[in-house]
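K.L.:
Quick one: structure below, then a few questions.
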Amino acid sequence: MARQISMRRVAERAGVSVSTVSHVVNGTRVVAPGTVDRVRRAMAELGYVAPAEGSLRAGDAQSIGVAMTAVSSEYWAALVDAIDREAGRHGYNLLIVDTRDDAEHEARMVANLLAHRIAGLVLAPSPGWTAHSLPVLRAHDTPLVLVDRLQPAPYDQVGVENLEGSQGLVGHLITHDHRRIGLITGLDGLTTTDERVAGYRAAHERFGVPVDEALLVGGQSSTTGGRAAAAALLDLPEPPTAIFAANNAMLVGLLDTLWERRLSVPGDMAVVGFDDFTWADFMRPALTTVAQPSTAIGAKAIQLLLARLADPERRATTVRLPGQIRHRESCGCSGRPHPGAGDEDPAEVSRAGRPRSSAAESRRPPRR
């Protein structure tokens, strides 16, 4: 049957991402003509039938909607791939839309998905979604699973332990004797932003280090915002000795600003980030980050949705999966956890800080 050919197989044949295939199939974004030709050729070779032309027109509801932002980024792309693989195992295709993290646009995209009579929706909610998308979903009684941006209300939802991951990273920096740690925060209104800020504060409280509010600067979850926030931190009368970027887009902006100012990492500035990515290991120095379990999050999202479809009256389930701190070099250590990053007495680990190399010894020219 045509539905057994997944978007993932089409993407692999065409050499593109699953989200690109979805945009070609559903016309949800302009795609380069050459790419469109490759995708359509792969669809023909595999015998793939777009849902709107096949099962959905017949009312079989064999597609699951996926609505999230920046689906081309590495984190979101990995999440979509995991969702697609798990959905495909159960005979479902995906319809994917980009919310742009704009609540009104998200609501329009959700309405478009509902017009395709999807079986259910996996949503990474934008700020303000409860006033826009949620009423539409409730009106259609659509089975819903939230991913990444978990909510206080009882929804089926799955994401990473943001607070614990952030607290672990900042605590690790404190054990390196950093007392002025800058934080580049994400988009206002996102629960992920709030939770990572809470982890930053919790680490300071645990180790008895006061928080200077001037060290928390908004980066709007973007590379451009990361650059501006990094510049603001570096221009403080007493700048930080370490900076934590709360997602990888802002981390790129931070690194770009440090290179522009000829500041070395970690000699002049220790750097850590939330979200791991393929090239973090290949940077020099390699970047210390929190890796999110994208594959597990995506698979669990589909499992929760299928459970909801099987039993619409079941109790809502929230699942938080642990992230993993990847200790590399940008924090100031040689890829090994520093003593004190675990459960040691804060008074002891605060005396165990590892000395950082001086700026004069470690300065290097910027990358262009």
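Counted the way UniProt numbering counts, the sequence shown spans residues 1 to 368. Here a beta-carbon is modelled for each residue, glycine too, at the ideal position from N, C-alpha and C.
1. Are threonine 193 and threonine 185 touching if we call contact CB-CB under 8 Å?
2. Would you check if the stretch 226-245 and the stretch 269-279 touch, i.e. whether three or more CB-CB distances between them fall below 8 Å?
3. If leucine 304 sits next to aspartate 141, beta carbons under 8 Å apart, how far is it from one beta carbon to the other, in whole angstroms?
4. Under 8 Å between the Cβ atoms of valine 21 and alanine 11?
5. Anyone know if the C-beta pair for valine 147 and isoleucine 174 falls short of 8 Å?
6. Compare the beta carbon distance of isoleucine 302 and alanine 87 with 8 Å and say whether it is the shorter of the two.
7. Grab the span of the beta strand (DSSP E) containing alanine 291 for me, first residue to last.
8. Beta-carbon within less than 8 Å of alanine 115's beta-carbon, same chain only, minus the 5 sequence neighbours each way: which residues are those?
9. Would you mind sorting alanine 310 into buried or exposed? The rule is 16 or more other CB atoms within 10 Å of its CB.
10. So what's isoleucine 118 in DSSP terms, helix, strand or just coil?
11. To the nearest angstrom, how far is the alpha carbon of alanine 124 from that of tryptophan 76?
12. Is DSSP giving serine 22 helix, strand or coil here?
13. Less than 7 Å between C-beta atoms, sequence neighbours within five positions excluded: which residues of the same chain meet that for alanine 316?
14. Let me know the secondary structure DSSP gives glycine 59 once reduced to three states.
15. Kindly list the residues whose CB is nearer than 7 Å to the CB of tryptophan 129, restricted to its own chain and excluding five residues on each side of it in sequence; keep chain order.
P.N.:
So, from the listed chains and residues:
1. Translated into positions along the sequence shown, residue 193 becomes position 193. Translated into positions along the sequence shown, residue 185 becomes position 185. Contact: yes.
2. yes
3. Here residue 304 refers to the residue found at position 304 when the sequence shown is read from its first residue. Here residue 141 refers to the residue found at position 141 when the sequence shown is read from its first residue. Wrong, their Cβ atoms sit about 17 Å apart, outside the cutoff.
4. Indexing the sequence shown from 1 puts residue 21 at position 21. Indexing the sequence shown from 1 puts residue 11 at position 11. Yes, the Cβ-Cβ distance between valine 21 and alanine 11 is below 8 Å.
5. By 1-based counting over the sequence shown, the position of residue 147 is 147. By 1-based counting over the sequence shown, the position of residue 174 is 174. The answer is no: Cβ separation not under 8 Å.
6. Position 302 of the sequence shown holds residue 302. Position 87 of the sequence shown holds residue 87. Closer than 8 Å, so yes.
7. Start at 1 with the first residue of the sequence shown, and residue 291 comes out as number 291. First-last of the beta strand (DSSP E) with alanine 291: 288-291.
8. As a working note, residue 115 is residue 115 in the sequence shown. Counting only Cβ-Cβ distances below 8 Å, and skipping sequence neighbours, we find nothing.
9. Along the sequence shown, one-based indexing puts residue 310 at 310. Exposed, because fewer than 16 other Cβ atoms sit within 10 Å of the Cβ of alanine 310.
10. As a working mapping, residue 118 is identified with position 118 in the sequence shown. Coil at isoleucine 118, not helix or strand.
11. For the purposes of this step, residue 124 is taken as residue 124 along the sequence shown, with counting starting at 1. For the purposes of this step, residue 76 is taken as residue 76 along the sequence shown, with counting starting at 1. When rounded, the distance between both Cα atoms is 10 Å.
12. Against the sequence shown, residue 22 aligns to sequence position 22. The answer is helix: DSSP assigns serine 22 an H, G or I state.
13. Locating residue 316 in the sequence shown gives position 316, where the first residue counts as 1. Within the same chain, alanine 316 has close Cβ partners Pro154, Tyr155, Asp156.
14. Taking the sequence shown and counting its residues from 1, one reaches residue 59 at position 59. Below a pLDDT of 50, predicted positions are generally treated as unreliable, and glycine 59, at 38, falls in that range; the measurement from the model is reported next regardless. Here glycine 59 sits in coil by DSSP.
15. Here residue 129 refers to the residue found at position 129 when the sequence shown is read from its first residue. Within its own chain, the residues whose Cβ lies closer than 7 Å to the Cβ of tryptophan 129, once the five positions on either side in sequence are excluded, are Ala103, Glu106, listed in chain order.
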